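Residue numbers (my numbering): 319 to 457. Written below as structure tokens is the structure these notes are about.
So, in structure tokens, the structure goes:
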């Protein structure tokens with residue numbers, strides 16, 4: 319058996335220094351100098367997300383999925399409200415009641431509820447789109 323002797327002692331490899339990479343540090347490294355300053359003294363804001371969406375990057379896909387998720391949440395909330403408020407109506411109408419009560423429940427009770435839920439949904443959907451547009455435009 320041969321005995322193995324170390325010919326030279328190598329020190330343990332040093333771990334690299336941890337560095338937090340931000341957009342500003344990446345721009346500074348790529349430009350080779352300090353960042354251009356905005357007239358207000360602040361560094362320029364992130365570029366609009368519009369380019370991320372049009373180039374179909376992962377970030378752009380995330381933006382669009384966020385909008386779709388918020389629109390779906392609003393739609394499911396409106397549907398749930400309708401099911402809870404209008405869903406039990408057939409059970410109420412199955413009870414023996416005069417015809418005038420049935421027509422009053424349908425005409426006066428149901429349509430305002432449907433109108434209110436629809437109005438809430440449209441306003442919520444428009445707000446979601448306005449927020450998304452503000453994000454995309456960088457406003």
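Built from N, CA and C at the ideal position, the CB exists for glycine as well. Keep in mind that this is a model prediction, so the values were computed, not measured.
Asked                                                                                : Found
Straight-line Cα distance separating residue 333 from residue 327                    : 18 Å
8 Å Cβ cutoff met for residue 400 and residue 435                                    : yes
8 Å CB neighbourhood of residue 420 in its chain, flanking five on each side removed : 411
Buried versus exposed, by CB contacts within 10 Å (16 or more), residue 316          : Shown here, the chain extends from 319 to 457; a query on residue 316 therefore has no answer.
Which of helix, strand or coil DSSP assigns to residue 327                           : coil
Integer Cβ distance of residue 428 from residue 407, believed to fall under 8 Å      : 7 Å
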